[in-house]
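So the protein lines, in turn, are chains A and B.
Under our numbering, residues -7 to 304 are what the first sequence spells out, in order.
Under our numbering, residues -7 to 304 are what the second sequence spells out, in order.
Just so you know, even glycine gets a beta-carbon here, dropped at the ideal spot from N, CA and C.
There are 2 protein chains.
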Amino acid sequence: MTYQKGDQKNLLVVGTVAIDSVKTPFGEAESVLGGSATYFSVSASYFAGVKLVAVIGKDFPAEYMKVFEKHDINTQGLVRADGQTFRWRGAYGYDLNVAKTLDTQLNVLMQFDPHLDEEQRKTPFVFLGNIDPDLQIKVIKQLKGPKLIALDSMNYWIETKRDSLKKAIEMVDLVVVNEMEARELTGNSSLIKAGRAIRKMGPKTVIIKQGEYGSIALYGEEIFSAPAYPLEDVYDPTGAGDTFAGGVMGYLARRGEISGETIRQAMIVGSALASYNVEAFSLDKLTSLTMHNIVDRYNDIKRLTAFEDFVH
Amino acid sequence: MTYQKGDQKNLLVVGTVAIDSVKTPFGEAESVLGGSATYFSVSASYFAGVKLVAVIGKDFPAEYMKVFEKHDINTQGLVRADGQTFRWRGAYGYDLNVAKTLDTQLNVLMQFDPHLDEEQRKTPFVFLGNIDPDLQIKVIKQLKGPKLIALDSMNYWIETKRDSLKKAIEMVDLVVVNEMEARELTGNSSLIKAGRAIRKMGPKTVIIKQGEYGSIALYGEEIFSAPAYPLEDVYDPTGAGDTFAGGVMGYLARRGEISGETIRQAMIVGSALASYNVEAFSLDKLTSLTMHNIVDRYNDIKRLTAFEDFVH
């Protein structure tokens, strides 16, 4: 069976495109392509037609634009503003679950104020990456008949704009956050209680990312636990969470149907994509995958977690 | 199908029986039954006939002896020595993965020197709990034709008796350690590399416990990832790892066959038992389970991790 790339642009992502400088125990990369919406959209592009809404500066290199072209990502919403592109500099120690931010230059991100055009407003699947929750709300209000809105956030917004963030969460169907964020947002140390507390705010589904341990989803009366694919070496964990989210949303948009079964499959697709992404710096690996690679790893994860029924 | 308790005493455990005092965010328990071999043997008793080899003091309460009786655990190897029983006092904060030891009184444990009788020596399945690796070696040398020897350890022995521990590991089939121990023992931050390094020391199979995240096994060319059952509240994590190991070894001893499939099932049984154990202080919950409870949770874990094949 040959994979046919989604020809409809059915997935909108609003987030950041950045220039990153990253150091890990395995090496370093200077001024490479990064940003939550970048990882998300390249990852999702294996399954869905992606429209990217973000802001870049005058310094954004032409070669990085080619990455979006290569993945057939619609960049009509990628605004080039006066100023420098958002820059992030970070480092990881041997505990690759935690990034240490060394420097953040918001630059053009401070002027980011997304206005969607008619076509963008009608996109059925929407992902609001980690940006100011007031902007997330502004985007939600522009949407026309979305089928699924998902949202990510970070500790900074939980600490500085909790009320706006809670209001945004109320308006979406799916929240994708990491463990620490779920705990900080709800004040619950128990992850299951934290997940349930987020669902009580409004979203039907909550996915909690656990880094190298995988992720869990809470929906309906169920809990799903998706493992991370175990790797010998993680070269650069930057963007793993966004790549995961891109896989989840890309797969859901492709299937067009949101059910327990498609959510579970989507999370395994997300795990597969994230596991490839961390095998190289920046998007070096993520941009060169085939559908065959992704399905292979999906099947590897299936074998990784398979066990037979209880035998007395 | 009615469960028939194993009538053959096919599983030997050598380890500690203790009197614990534990404080968690949910309450505290003073001078309750504890010890690695205690949790292990009660957990394993749901599947196998257990012979317990350990040492207690003159102060060991008769009511705690009844726990072993209730579970039909053979206590011929439970030596009552002159002195006080080994005592441990610990506390957990909201991060229930890490115990803070407040006080350790080794007491009679310092005289522990297990001499197995003929019947004990011939037991096919053997678990060497976390004790001095020199004692572990001494026990191994007394065994006659064991089918499977497994070993647990802790950071203290890695730091103070590394050579002895490595020698002990060389002599066993299965190592069960936690993440930090695997990393410390091998000097590898990558868990998969650490697991492979332990296998290179001799054991065919390595199981690495990851606390609330579950566990992974490395055997043959395969990796298996077993989730922990997600609980709203963990009341007392003491003994979770030993309860898990008891479930693993009990199930393997019952099945009598060691294969990838039985190892996978055994780890899910271990996860199920550990998830019950942490729902109450000491062994309060672990001593009152039915086979029905265990199979129920096994099936819950199956549903927790189930996902369908990839759909294009």
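Which complete beta strand (DSSP E) runs does the stretch 122 to 201 of chain A hold, if anything under 3 residues is left out? Here the runs fully enclosed are 140 to 143, 166 to 170, 197 to 201.
Please classify B:Q97: does DSSP put it in a helix, a strand, or coil? In the structure shown, B:Q97 adopts extended strand secondary structure according to DSSP, grouped into three states.
Would the stretch 192 to 209 of chain A count as touching the stretch 45 to 63 of chain A if we require 3 or more Cβ pairs under 8 Å? The stretch 192 to 209 of chain A, when compared against the stretch 45 to 63 of chain A, does not touch it at the 8 Å Cβ threshold.
Opening and closing residue of the beta strand (DSSP E) in which B:Q68 lies: B:Q68 -> beta strand (DSSP E) spans 66 to 72.
For B:N285, which residues of its own chain have a beta-carbon under 6 Å away from its beta-carbon, when the five flanking residues on both sides are left out? The same chain holds no residue with a CB closer than 6 Å to that of B:N285 once the five nearest residues on each side in sequence are set aside.
Between which two residues does the alpha helix (DSSP H) containing B:D12 stretch? From DSSP, B:D12 is part of no alpha helix (DSSP H) but of the beta strand (DSSP E) over 10 to 16.
Inter-residue CB distance, B:G41 and B:L70 (contact presumed, cutoff 8 Å): Their Cβ separation, rounded to whole angstroms, is 15 Å, which puts B:G41 and B:L70 out of contact at 8 Å.
Which of the residues in the stretch 39 to 63 of chain A, read from start to end, lie with their CB under 8 Å from any CB of chain B? Result list empty, no residue passes.
Taking 8 Å as the CB-CB limit, is B:P219 close to chain A? Yes - at least one Cβ of chain A is within 8 Å of the one on B:P219.
By how many angstroms is the C-alpha of B:S23 removed from the C-alpha of A:Y221? Cα to Cα, A:Y221 sits roughly 42 Å from B:S23.
Classify B:Y268 as buried or exposed, calling it buried when 16 or more other Cβ atoms lie within 10 Å of its own Cβ. The C-beta of B:Y268 has 16 or more other C-beta atoms within 10 Å across all chains shown, which makes the residue buried.
Per-residue DSSP class, three states only, for A:L4: Correct three-state label for A:L4: strand.
With H, G and I counted as helix, E and B as strand and the rest as coil, what does DSSP make of B:Y211? Strand.
Out of curiosity, what's the CA-to-CA distance linking B:I123 and B:K130? Between B:I123 and B:K130, the C-alpha separation is close to 11 Å.
Pick helix, strand or coil for B:F216, following the three-state DSSP scheme. In the structure shown, B:F216 adopts extended strand secondary structure according to DSSP, grouped into three states.
Check distances from the C-beta atoms of the stretch 287 to 301 of chain B to those of chain A and list, in chain order, the residues that come in under 8 Å. If you check each beta-carbon in the stretch 287 to 301 of chain B against every beta-carbon of chain A, the ones closer than 8 Å belong to V287, Y290, N291, K294, R295, L296, T297, A298, F299, E300, D301.
Rounded straight-line distance, which links the Cα of A:A232 to that of B:T254: Whole-angstrom Cα-Cα distance: 33 Å.
Between B:A272 and B:Y227, which are expected to be in contact by the criterion C-beta below 8 Å, what is the C-beta distance as a whole number of angstroms? The C-beta distance from B:A272 to B:Y227 rounds to 6 Å, short enough to fall under 8 Å.
Just reading off the beta strand (DSSP E) that B:V240 is part of, what are its end residues? If you look at B:V240, you'll find it isn't in any beta strand (DSSP E); it sits in the alpha helix (DSSP H) that goes 232 to 247.
At the 8 Å Cβ level, is A:L4 part of the contact set with chain B, yes or no? For A:L4, the answer is no, since every Cβ of chain B falls outside 8 Å of its Cβ.
Would you mind telling me which residues of chain A sit closer than 8 Å to B:E253, beta carbon to beta carbon, in chain order? Ordered by position in chain A, the residues that pass the 8 Å Cβ test against B:E253 are F299, E300.
Counting only Cβ pairs nearer than 9 Å, list the residues of chain B close to A:I184. P222, L223, E224, D225, listed in chain order.
What residue from B:R79, B:E173, B:H107, B:V6 has the CA that sits closest to B:N99's CA? Residue B:R79 holds the alpha-carbon nearest to the alpha-carbon of B:N99 among B:R79, B:E173, B:H107, B:V6.
Tell me the rounded alpha-carbon separation between A:L310 and A:F39. No answer is possible for residue 310 of chain A: the residues shown for chain A start at -7 and end at 304.
Between B:E162, B:R247, B:L278, B:K1, which lies nearest to B:K114 when the distance is taken from Cα to Cα? Here the closest residue by C-alpha is B:K1.
Please report the distance separating the alpha-carbon of A:Y243 from that of B:I184. Taking the straight line from one Cα to the other gives about 29 Å.
Here's the rule I'm using: 16 or more other beta-carbon atoms within 10 Å means buried, otherwise exposed. How should A:P106 be labelled? Counting Cβ neighbours within 10 Å, A:P106 comes out buried, since at least 16 surround it.
Where A:A36 falls: helix, strand or coil (DSSP): Residue state, collapsed to three classes: helix.
Using the rule of at least 16 other Cβ atoms within 10 Å of the residue's Cβ for burial, across every protein chain shown, is A:H304 buried or exposed? Classification of A:H304: exposed, given that the 10 Å Cβ count is below 16.
When Cβ atoms are compared, which residues of the stretch 169 to 184 of chain B fall closer than 8 Å to chain A? Cβ contacts with chain A come from S181, S182, L183, I184.
Measure the C-alpha to C-alpha separation of B:E20 and B:S13 and round it to an integer number of angstroms. CA-to-CA, the gap between B:E20 and B:S13 works out to about 8 Å.
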